[in-house]
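Using this note's numbering, the first residue of the sequence shown is number 4, and each one after it goes up by one. Only one structure is covered here, and it is reproduced in the block below.
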Amino acid sequence: MRKIKRPLITICIVIVCFLLECTVFQKLSFASITPNLLIIVTSSFGFMRGKKAGMLVGFLSGIITDIFFGDLIGFYALIYMVLGYVNGFFRRIFYPEDIKLPLFLISTSDFILENIVFLFLFVMRSRFNYFYYLGHIMIPELIYTVLVTLVLYQLILKANQRLEAEEKRSASKFV
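Here it is as structure tokens:
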């Protein structure tokens, strides 16, 4: 039971964030801009748990996005997976009490994601107005995502710390 507790909670976090992004935050959108909760989750698991966890959570987040909103299955899964993996490199310098690194990594991941989406979904269809997309979609979404990160990151951090404490307690019983 203990071995499947973390994966189940992780899957629940991804699904809840996806549902919140698609329902509650659609109603709380500013100029039809919503925060990207799945990039917050993917990046957070990357730098909290490492490359493998970031990659797996990124794949799950991306495949859900692909299934419900994507034109191609695997497009968002690949992007989120790579972003989760790259965030995993920062696990060694991650300190739970410091919010600066998570804010920087999440905002950078969101900016990279939006630029890749622009490149492949807009430029490939001959829509070259990058500065319009930057000013009206990328930057507002980035700001909204960073504001939501201040709250959501704390919840993910607490869940991760609680799971780690339980894992350490159960591991010490067998030693």
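The C-beta atom is built at its ideal place from N, Cα and C for all residues, glycine as well.
Neighbourhood of residue i by C-beta distance below 8 Å, restricted to the same chain and skipping five residues each side
{"i": "residue 66", "result": "76, 77, 79 and 80"}
{"i": "residue 107", "result": "none"}
{"i": "residue 116", "result": "39, 42, 82, 83 and 86"}
{"i": "residue 94", "result": "49, 50, 51, 52, 53 and 54"}
Residue i - DSSP class collapsed to helix/strand/coil
{"i": "residue 36", "result": "strand"}
{"i": "residue 97", "result": "coil"}
{"i": "residue 76", "result": "coil"}
{"i": "residue 31", "result": "coil"}
{"i": "residue 102", "result": "coil"}
{"i": "residue 53", "result": "coil"}
{"i": "residue 111", "result": "helix"}
Extent of the continuous alpha helix (DSSP H) to which residue i belongs
{"i": "residue 132", "result": "No alpha helix (DSSP H) contains residue 132, which DSSP labels as neither H nor E."}
From the options, residue whose alpha carbon lies closest to that of residue i
{"i": "residue 159", "options": "7, 8 and 12", "result": "12"}
{"i": "residue 19", "options": "85, 147, 139 and 63", "result": "63"}
{"i": "residue 150", "options": "133, 137, 105 and 124", "result": "105"}
{"i": "residue 154", "options": "113, 102, 135 and 134", "result": "102"}
{"i": "residue 22", "options": "72, 133 and 10", "result": "72"}
Cutoff 7 Å; reference residue i; Cβ partners in own chain excluding five residues on either side
{"i": "residue 60", "result": "13, 17, 44, 45, 48 and 87"}
{"i": "residue 34", "result": "143"}
Cutoff 6 Å; reference residue i; Cβ partners in own chain excluding five residues on either side
{"i": "residue 56", "result": "48"}
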